[in-house]
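Here's the structure, in structure tokens; my notes come after.
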Amino acid sequence: MSNQSESPNPTSSSNKITLKTSDNEVFEVEEAVAMKFCTVKQYFDDENNNNVTSGTSTTLIPLPNVESHPLAILITYCKKHLEIKANNADNKKEMEIDMEHYEREFLKNVMPQELTELILAANYLNFKEALDFFCRAVASAIQNKSVEYVRKFFGLESDFKPGEEEKLREEFAWSFEGVDED
Amino acid sequence: MEDLCDNLLDDILYRLPLKSVVTCKSISKRFNTFISDPGFESKLSLHNSCIFHCTKDCPNFYFKVPLYPPNSDKATESSVKLPRRFKVLAYCSGLLLLFPTEGVLVLNPVTKRHQIIDICHYDAIGLAVEPISSSLHRIKVVRISVSNGDSYQFDIFSSDTMSWRRSSTKFTCMVMSNFNNDALPIYSHGTLHWIRKCNDILAFDIEKEEARIIELPLNLPLPFEYWTSWFGVVNGENGEFCMYDIATHKWRKIGIVWAILDSIRAFVPFVPSLAEIKTTPWPDVSTRVVQSIHKLSLLLGAGVTLKKDVLQLNVSQVRGSSGSHGRCCPLLSSRLRFLLLLQIDQGASRSLRHACLQFCRSLW
């Protein structure tokens, strides 16, 4: 009775969904945002099927594999994503331009270490657009860069035995020509 | 980083240009193992594949249209300019056969490994590449020369022996005709195919060393429904585009071609590979050749935005360059004026074939 869902426009639905992260922070997000996270949607749908009669609109969904920091960023990204989509509902080209512009600005405020965190979170939440975007971002950041740069980017150390790396470098010497400045 | 599972690593790395991925092998053991996986390697090759072509309008320019750009809608075309008389003679399995004026050159534009092969006069030439292992390939170059004005003679260069050998096959045919140099030879099903100016095809089986003529069709069967391995011809006045299906030995009409294709000399879907080229030292490769190799490698191997003397064109601009001829180019109206060869490697996946066909349709 309390839940008069089936509203004609789901994005304007005021239903809130509560997400609880692994570090016990609680986020209240609009249903439209939460539904972009397929993992959440799945959970939500299952819950609803199990409690058809209860009809509460304050579902709490635990996210044991996501910390609050990446989740906050993902929610911001998702909101913007939906907003741009809604603003350019009938112009795909405009939408892409806006999205590209936003993504470029977005990346200015993200550190390399954060990207890995974001990829893991987006992957767990099964948020496809974000996962695709972050993977693209990493790829373009390390494209045509030196091995040292990429290691630093990922926070990795070489674990080759002495001589192994030199051998690889020798074998693929052609790939080291014309690498960008770090 | 250690947290990223293989699926996610895959999701990141396959977006990189081939050259960058190979650099990444040296990052750590995990990267090296992951990248060396044959499954990943073939996926990567596919994602770095392109249509590589040159046009009659500007014969020194070679264009590349990526088939799998990371952002699929923004297919940009880039090109390189090669020196005059420096020609691409053939393509097979990621390797190019080039004519730099001194000998012929087999080049892997991705690794820049190359081999110059000494050659004397030829009437037609072709390149056949067969994989021995994932990185090692057997390369054969076949040279055709006309003997006594009534038969063809075949010489075969093999990377096994690094030398030329004359085949005992001598092929006599009723009509002797020049080869159409605007069309690149095609290697498929163990056989090299050349188009002759008299509108037929000379086929040469590399293993059996047997030659035969494939006649052009009189009546083209319709509709086109089946395609495995084929190449096409743009024929005469109506610009019919048909393909010879090597598997069933039949010609099939697959469409009508408008003006645009008339200006394209030859094009091939280029699937890069890391195939090694066995090399013997060649004393002096001129700087002109070195520069050209470098340019081709930038175009086909690096996959990154090109700078400086490289034209940036998108497909619509290329289309526009010959659009002034109107819908049907006058050049098409007499005899066989233009030949288009389209090779789909047997190994090519369905999606690559699909992408090629889509590309062709975008030109029609």
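Top to bottom, those sequences are chains A and B. Each residue of the first sequence is one higher than the one before, starting from 1 at the first, in the UniProt record's numbering. Each residue of the second sequence is one higher than the one before, starting from 1 at the first, in the UniProt record's numbering. C-beta atoms are modelled at their ideal positions from N, C-alpha and C, and glycine is treated no differently.
Among the CB atoms of chain A, none fall inside 9 angstroms of the CB of T33 of chain B. Of all residues in the region 35–48 of chain B, none has a C-beta nearer than 8 angstroms to a C-beta of chain A.
Residues of the region 107–118 of chain B with a Cβ closer than 7 angstroms to any Cβ of chain A, in chain order: T111, K112. If you look at L9 of chain B, you'll find it in the alpha helix (DSSP H) that goes 6–13. In this structure, the straight-line span from the alpha carbon of S273 of chain B to that of V110 of chain B is close to 7 angstroms.
Judged by pairs of C-beta atoms under 8 angstroms, the region 32–45 of chain A touches the region 74–83 of chain A, as three or more such pairs exist.
For a Cβ distance threshold of 8 angstroms, residue set T23 of chain B lies close to F176 of chain A, ordered along the chain. Going by DSSP, K170 of chain B is part of the beta strand (DSSP E) stretching over 163–172. For P162 of chain A, the number of other beta carbons within 10 angstroms of its own is below 16, and it is reported as exposed.
Not one beta carbon of chain A lies nearer than 9 angstroms to the beta carbon of N60 of chain B. Non-local C-beta neighbours of V146 of chain B in its own chain, meaning closer than 8 angstroms and more than five positions away in sequence, comprise D123, Y152, Q153, M176, ordered along the chain.
Less than 9 angstroms divides the Cβ of Y62 of chain B from the Cβ of L82 of chain B.
DSSP, read as helix, strand or coil, puts P38 of chain B in helix. In this structure, I125 of chain B and R138 of chain B do not form a Cβ contact; the two beta carbons are roughly 17 angstroms apart against a cut-off of 8 angstroms. In the DSSP assignment, Y43 of chain A falls outside any beta strand (DSSP E) and lies within the alpha helix (DSSP H) extending over 38–50. For E103 of chain A and S22 of chain A, the gap between their C-alpha atoms comes out near 27 angstroms. One finds T23, C24, S26, I27 in chain B with Cβ atoms closer than 8 angstroms to the Cβ of V147 of chain A, taken in chain order. When DSSP states are grouped into helix, strand and coil, V129 of chain B belongs to the strand group. In the DSSP annotation of this structure, C92 of chain B is not part of any alpha helix (DSSP H); the continuous beta strand (DSSP E) holding it starts and ends at 87–92. Close partners of R169 of chain A in chain B (Cβ separation under 8 angstroms): S26.
In the structure shown, S158 of chain B adopts extended strand secondary structure according to DSSP, grouped into three states.
Proximity to D118 of chain B across B:G301, B:V285, B:G190 peaks at B:V285, based on C-alpha coordinates. The alpha-carbon separation between Y149 of chain A and G155 of chain A amounts to approximately 10 angstroms. The three-state reading of DSSP puts L82 of chain B in coil, since its state is none of H, G, I, E or B.
With respect to the 9 angstroms criterion, A141 of chain A and L131 of chain A are not classified as neighbours on the basis of their beta carbons. Partner residues in the beta bridge of W194 of chain B, as assigned by DSSP, are B:L202. Residue burial is scored here from C-beta neighbours: R165 of chain B has fewer than 16 other C-beta atoms within 10 angstroms and is therefore classed as exposed. Leaving aside the five residues that flank N65 of chain A on each side, the residues in its chain whose CB is nearer than 6 angstroms to its CB run, in chain order, Y124. Residues of the region 103–128 of chain A whose Cβ lies closer than 7 angstroms to any Cβ of chain B, in chain order: T116, I119, L120, N123.
With respect to chain B, the C-beta atom of V150 of chain A has a partner C-beta closer than 9 angstroms. The C-alpha of I293 of chain B is placed about 57 angstroms away from the C-alpha of P62 of chain A.
Between the beta-carbon of F179 of chain B and that of A211 of chain B there is about 13 angstroms, and that puts the pair past the 8 angstroms contact cut. Residue-level contact check: S273 of chain B does not touch chain A, since none of the beta carbons of chain A fall below 9 angstroms from its beta carbon. Chain-order list of chain A residues neighbouring I12 of chain B: C135, V138, A139, by C-beta distance under 7 angstroms. Nearest in C-alpha terms to M174 of chain B, of all of B:D150, B:I277, B:L97, is B:D150.
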